[in-house]
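Enquirer: Per the working numbering, residue 6 is the first one in the sequence shown, and the count goes up by one each step.
We treat Cβ as the ideally placed atom computed from N, Cα and C, and that holds for glycine.
First the structure, then my questions, so here it is.
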Amino acid sequence: MNIETTRLSLYPIRDEKLRHLIEDEKDDAMRKAYGEMLQNCMDFPEKRMWYALWQMELKEKPGVIVGSFCFKGVGKDGSVEIGYGLHDGFCGSGYMTEALNAVAEWALKQAGIEKIIAETEAENESSKKVLLRTGFRFSGENGVEGPIYERKSIK
6 MNIETTRLSL YPIRDEKLRH LIEDEKDDAM RKAYGEMLQN CMDFPEKRMW YALWQMELKE
66 KPGVIVGSFC FKGVGKDGSV EIGYGLHDGF CGSGYMTEAL NAVAEWALKQ AGIEKIIAET
126 EAENESSKKV LLRTGFRFSG ENGVEGPIYE RKSIK
């Protein structure tokens with residue numbers, strides 16, 4: 006499964022690679038999150054794309070990963086939450102806008118998906134701008150991390 010944009014190839018990583026990320030991760034919270042992703046991938050292999058860690062690789066420089074994103078499963082209401090981030094040195098180049106727009110369009114075409122939600126820290130202005138540029142709108146609610154944005158299907 007690949008999603009292609011002008012500059013990026015977006016794809017879920019294999020379980021073995023996620024195991025290596027878990028082993029190498031220094032941050033406890035990220036190690037825990039990766040572990041939960043891996044467990045969900047193993048528990049729900051038919052829904053793996055909604056739990057896996059996806060990488061954002063530069064097409065012109067194979068092997069260069071600029072960031073990643075993940076979905077957090079599919080809710081009973083047809084919603085999927087997305088989390089995302091860029092690696093140091095790749096901010097400000099439009100990569101996240103390009104990736105988030107493509108993956109949102111793809112996700113909303115999948116059976117049963119009605120909306121995508123994203124939560125961002127209140128002070129993260131860059132993330133808010135990316136969300137707004139890619140068709141997300143503030144839901145009027147706040148979650149644990151901060152404001153919740155959503156992009157709904159137009160099916």
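For the alpha helix (DSSP H) containing cysteine 75, list its first residue and its last residue.
Expert: Where cysteine 75 is concerned, there is no enclosing alpha helix (DSSP H), although the beta strand (DSSP E) it sits in stretches over 70 to 79.
Enquirer: Going straight from the alpha carbon of cysteine 75 to that of aspartate 20, what length do you get?
Expert: Each residue's Cα considered, the two are about 14 Å apart.
Enquirer: Is it the case that the Cβ atoms of glutamate 150 and glutamate 126 are separated by a distance below 7 Å?
Expert: Result yes, Cβ atoms of glutamate 150 and glutamate 126 sit closer than 7 Å.
Enquirer: Enumerated in chain order, which unbroken segments of the alpha helix (DSSP H) with a length of 4 residues or greater are wholly contained in the segment 26 to 76?
Expert: If we require 4 residues or more, the alpha helix (DSSP H) runs fully inside the segment 26 to 76 come out as 33 to 48.
Enquirer: How many whole angstroms separate the CB atoms of valine 79 and histidine 92, which I take to be in contact at a CB cut-off of 8 Å?
Expert: Wrong, their Cβ atoms sit about 27 Å apart, outside the cutoff.
Enquirer: Do the segment 86 to 105 and the segment 44 to 52 touch if we need at least three Cβ pairs shorter than 8 Å?
Expert: As far as the Cβ criterion goes, the segment 86 to 105 does not touch the segment 44 to 52, which means the pair count is below three.
Enquirer: Does the distance between the C-beta of glutamine 60 and the nearest non-hydrogen atom of the ligand ATP fall short of 6 Å?
Expert: Of ligands this structure carries none, so the ligand ATP is not represented either.
Enquirer: According to DSSP, is alanine 127 part of a helix, a strand, or is it coil?
Expert: DSSP places alanine 127 in coil when its eight states are reduced to three.
Enquirer: At the level of alpha carbons, what is the spacing between leucine 63 and tyrosine 16?
Expert: Spanning the two alpha carbons is a distance of roughly 12 Å.
Enquirer: Going by other Cβ atoms of all chains shown within 10 Å of its Cβ, with 16 needed for buried, is lysine 133 buried or exposed?
Expert: Lysine 133 should be labelled buried.
Enquirer: Can you find the residues in the same chain that come closer than 6 Å, C-beta to C-beta, to serine 84, ignoring five residues on each side of it along the sequence?
Expert: Closer than 6 Å at the Cβ level, and outside the excluded window around serine 84, lie Lys120 and Ile122.
Enquirer: Take the Cβ of asparagine 7 as the centre, count every other Cβ of all protein chains shown within 10 Å, and call the residue buried at 16 or more, exposed below.
Expert: So asparagine 7 ends up on the exposed side.
Enquirer: So is serine 73 buried or exposed if we call it buried at 16+ other beta carbons inside 10 Å?
Expert: Result: buried.
Enquirer: Compare the beta carbon distance of arginine 156 and alanine 109 with 7 Å and say whether it is the shorter of the two.
Expert: Yes, these two residues count as a Cβ contact at 7 Å.
Enquirer: What beta strand (DSSP E) runs, 3 residues minimum, are completely inside the segment 80 to 107?
Expert: Correct list: 84 to 91.
Enquirer: For the beta strand (DSSP E) containing isoleucine 153, list its first residue and its last residue.
Expert: Its beta strand (DSSP E) spans residues 152 to 157.
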